[in-house]
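Here's the structure we're looking at; comments come further down.
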Amino acid sequence: MNVSTKRPIWWLLDGPRIVHYNFSDSFCETKLKMTLHNSSGFVASVRVNTFDSPPGSAPSGSKLGWHDMSSPPIDIRVPAPDISGSSTGKAVSLESVPPFIWSGSSTTRVKLEPNSTTEISLLVTTFAPGTYDLSNYTLHWNLEESSNGREREGTCQGHPFYLTILQKE
1 MNVSTKRPIW WLLDGPRIVH YNFSDSFCET KLKMTLHNSS GFVASVRVNT
51 FDSPPGSAPS GSKLGWHDMS SPPIDIRVPA PDISGSSTGK AVSLESVPPF
101 IWSGSSTTRV KLEPNSTTEI SLLVTTFAPG TYDLSNYTLH WNLEESSNGR
151 EREGTCQGHP FYLTILQKE
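Oh and the sequence shown: position 47 is 47 in UniProt numbering, straight run, nothing missing.
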C-alpha cells in the first residue's frame, strides 16, 4: 500500500498551468484553488502554510522558485509591492524582488468534518515570465479523535505544481 493512501487528509492544488501576461503593465496575479478532503471518521483541523520564494532564487540546486524563459533578456521593471495595499509608485528592479510571492494570508486554517471536502482559494503573484514551482507550502493536519482522547497528526510538504507565465506580445 502506498504511504500517501494511508494519510487521512489528501489535497489537490489546481489552477492554470500556462498564463500569457503583459508585464509592462504590472505584476501578474494567478488564482489557484486547493481542494482538501478528510477521508477519516473524525473531525480534522488542517493548516496550510505558504512560503514565498526568497529573492535570488535560482533553478540551480533548488526546487523552489522559477526558471527564466525570457529570450532575449528583457529589462522589466515592476511596481514596488506595498503591504498597505497602495502602490508606492516606485519601480524596482527584478533583482530585488522574489520570483513569486503567495498573496494574501500565509496561513489558512480549516476544520473538516468526517468524510468531507472543502476548497480554499490561493493567489500567487509573479514578477517576470518564467516557469514557477509552487510546491513551497506545507499542510499540517490533526484528527480530533473523541473516542479515546488521542490526536493523530502529520505534516506534509507541497506537491509539485508548475505554473508557466509567458510574456504576452
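Positions of the beta carbon are idealized from the N, C-alpha and C atoms, including for glycine.
**Request:** Classify Lys6 as helix, strand or coil using the three-state DSSP reduction.
**Result:** In this structure, Lys6 counts as helix in the three-state DSSP scheme.
**Message:** Tell me which residues share the same chain as His159 and place their Cβ nearer than 7 Å to its Cβ, disregarding the 5 neighbours each side in the sequence.
**Reply:** Only Leu13, Ser135 meet the Cβ criterion.
**Asked** Which residues in the same chain as Arg109 place their Cβ atom closer than 6 Å to its Cβ, once the five residues preceding and following it in sequence are excluded?
**Response** Correct list, in chain order: Arg47.
**Request:** Count the other C-beta atoms from every protein chain shown that fall within 10 angstroms of the C-beta of Thr155, then say buried if there are 16 or more, exposed otherwise.
**Result:** Result: exposed.
**Prompt:** Based on Cα-Cα distance, which residue from Gly15, Glu169, Ile9 lies nearest to Ser39?
**Reply:** Closest in alpha carbon position to Ser39, among Gly15, Glu169, Ile9, is Ile9.
**Message:** Let's see if you can read the secondary structure: which residues bound the beta strand (DSSP E) around residue 230?
**Reply:** The requested residue 230 does not occur in the structure, where the chain is confined to residues 1 to 169.
**Asked** So, Gly15 versus Pro114, is the Cβ gap smaller than 7 Å?
**Response** No, the Cβ-Cβ distance between Gly15 and Pro114 is not below 7 Å.
**Prompt:** Taking the C-alpha atoms as reference points, what is the distance between Leu128 and Arg7?
**Reply:** Correcting the residue type first, residue 128 is Ala in the shown sequence and not Leu. Per the coordinates, the alpha-carbon of Ala128 lies some 37 Å from the alpha-carbon of Arg7.
**Request:** Out of Ser24, Met34, Cys28, Thr118, state which residue places its alpha-carbon closest to the alpha-carbon of Tyr132.
**Result:** Per the Cα distances, Cys28.
**Request:** For Ile18, count neighbouring C-beta atoms within 10 Å of its own C-beta (all shown protein chains included) and say buried if the count is 16 or more, exposed if not.
**Result:** Its Cβ having fewer than 16 others within 10 Å, Ile18 is exposed.
**Prompt:** Taking the alpha carbon of Leu123 as the point to measure from, which residue in Ser26, Asp25, Tyr21, Lys33 has its own alpha carbon closest?
**Reply:** Closest option to Leu123, Cα to Cα, is Lys33.
**Request:** Excluding the 5 residues preceding and the 5 following Thr50 in the sequence, name in chain order all residues of the same chain whose CB lies nearer than 6 Å to its CB.
**Result:** Within the same chain, Thr50 has close Cβ partners Trp102, Ser106, Tyr137.
**Message:** Could you tell me the alpha carbon to alpha carbon distance between Ser24 and Gly130, rounded to whole angstroms?
**Reply:** The alpha-carbon atoms of Ser24 and Gly130 are separated by roughly 15 Å.
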